[in-house]
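**Q** Numbering (the numbering used here), first residue to last: 187 to 465. Don't be surprised by glycine CBs; every beta carbon is placed ideally from N, CA and C.
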Amino acid sequence: MPIFPSSTQTIPDAGAVPRHVAIIMDGNGRWARRRFLPRVAGHHRGVEAVRETLKTCLDRGIRYLTLFAFSSENWRRPEEEVTLLMQLFVRSLRNELTRMEKNGVRLKIVGDLSRFDAKLQAMIAAAEERTAGNERLTLTVAANYGGRWDILQAANRLALARPERVGAWQEEDLAPYLSMAYAPEPDLFIRTGGEERISNFLLWQLAYSEFYFTDTVWPDFDAAALDAAIASYRKRERRFGRTSEQLGGAELTAAQVTSPMGSVAADGQQSPADGRRYA
Numbered sequence: 187m188p189i190f191p192s193s194t195q196t197i198p199d200a201g202a203v204p205r206h207v208a209i210i211m212d213g214n215g216r217w218a219r220r221r222f223l224p225r226v227a228g229h230h231r232g233v234e235a236v237r238e239t240l241k242t243c244l245d246r247g248i249r250y251l252t253l254f255a256f257s258s259e260n261w262r263r264p265e266e267e268v269t270l271l272m273q274l275f276v277r278s279l280r281n282e283l284t285r286m287e288k289n290g291v292r293l294k295i296v297g298d299l300s301r302f303d304a305k306l307q308a309m310i311a312a313a314e315e316r317t318a319g320n321e322r323l324t325l326t327v328a329a330n331y332g333g334r335w336d337i338l339q340a341a342n343r344l345a346l347a348r349p350e351r352v353g354a355w356q357e358e359d360l361a362p363y364l365s366m367a368y369a370p371e372p373d374l375f376i377r378t379g380g381e382e383r384i385s386n387f388l389l390w391q392l393a394y395s396e397f398y399f400t401d402t403v404w405p406d407f408d409a410a411a412l413d414a415a416i417a418s419y420r421k422r423e424r425r426f427g428r429t430s431e432q433l434g435g436a437e438l439t440a441a442q443v444t445s446p447m448g449s450v451a452a453d454g455q456q457s458p459a460d461g462r463r464y465a
């Protein structure tokens, strides 16, 4: 497993396009309500938005996409809605897996999976194994996930693995036990639907991410909406604790940054065009 730099310990590379985008997909219910449809209709339309976003990330050269699908607090929702969400999760796994494999997408599911039934757990394990060798993009779906749970489970695992260092642990001791140790910290965090909070999502990993909030509800989030978020990201001065003077005014010029419609890798270099489209 590669070891990615911590934004609080070192200064990560920051390219013209974020290497890792994390999204809270909010607004499915409101999208349905505005159309006098049941909430489940919004969730179904939300799956189509996931497919569109994944396609756009591949086109833009984004290497990691993390989606908050179901939080540990979402069990508080009406039982009927939770059941429908679980059914939709299973159906999406079945329907999208071949497409992901074809397009070089690695699938990871993070969260406390013990609450899911055995059949779903087996499906998740099989899907992760089937796509494990894909390297074009890593899609992480956070399901029954909470940021506090993540830190606690990492601390508990560390305590079991390194009891002799209790009281002397460092950040680098804990980091490998976090659920997303296989990925760099998100460069860009997006929340759709108009809310402006992180709702217990990636509390550790978002330490130096750039935040972008939009009123667009998730089912309406398309390529243009993602491009708007990337354009906002490009305007940010990513100092990681430094001053603007230390950066030396090294701003990206128009010549250095291609259009979002171009294929720019997360390190700012032109990514190899393999001609594949997510379909």
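Between the C-alpha atoms of ALA318 and GLU266, what's the straight-line distance to the nearest angstrom?
**A** Each residue's alpha carbon lies about 33 Å from the other.
**Q** On the premise that VAL291 lies in contact with LEU240, defined as a C-beta separation below 8 Å, what is that separation, rounded to the nearest angstrom?
**A** Right, their Cβ atoms sit about 7 Å apart.
**Q** Is ALA202 helix, strand or coil by DSSP?
**A** Three-state DSSP puts ALA202 in coil, outside helix and strand.
**Q** Counting only beta-carbon separations shorter than 9 Å, does LYS241 have a partner in chain B?
**A** You won't find chain B in this structure, because it holds only one protein chain.
**Q** By the DSSP assignment, the beta strand (DSSP E) with TYR331 in it spans what residues?
**A** Where TYR331 is concerned, the enclosing beta strand (DSSP E) stretches over 323-331.
**Q** Which value, in whole angstroms, describes the spacing of the CA atoms of ALA218 and VAL352?
**A** Their Cα atoms are separated by approximately 50 Å.
**Q** Under a three-way DSSP split, which group does SER533 fall into?
**A** Residue 533 lies beyond the residue range present for the chain, which begins at 187 and ends at 465; the question has no answer from this structure.
**Q** Hey, quick one: how far does the beta strand (DSSP E) through ARG292 stretch, first residue to last?
**A** From DSSP, the beta strand (DSSP E) with ARG292 extends over 291-296.
**Q** In this structure, does DSSP put TYR419 in helix, strand or coil?
**A** Three-state result, TYR419: helix.
**Q** If ALA361 sits next to ALA367, beta carbons under 8 Å apart, how far is it from one beta carbon to the other, in whole angstroms?
**A** With 8 Å as the limit, ALA361 and ALA367 qualify as a contact, their Cβ atoms being about 6 Å apart.
**Q** Which residues in the same chain have their Cβ closer than 7 Å to the Cβ of SER418, if we skip the five residues on either side of it in sequence?
**A** Result list for SER418: TYR398, in chain order.
**Q** Helix, strand or coil for THR444? Go by DSSP, reduced to three states.
**A** With a pLDDT of only 40 at THR444, under 50, the local geometry of the prediction cannot be trusted, and no value is derived from it.
**Q** At which residue ranges does the region 339-420 contain complete beta strand (DSSP E) runs of 3 or more residues, listed in the order of the chain?
**A** 374-377, 396-399, all fully within the region 339-420.
**Q** State yes or no: is the C-beta of VAL207 within less than 9 Å of the C-beta of ALA415?
**A** In contact: VAL207 and ALA415 (Cβ atoms closer than 9 Å).
**Q** Between the Cα of GLU234 and those of GLU287, TRP404, GLU321, SER385, spot the shortest distance and give me the residue it belongs to.
**A** GLU234 has its Cα closest to that of TRP404, out of GLU287, TRP404, GLU321, SER385.
**Q** The alpha helix (DSSP H) with ALA311 in it runs from where to where?
**A** Here the alpha helix (DSSP H) through ALA311 covers 304-317.
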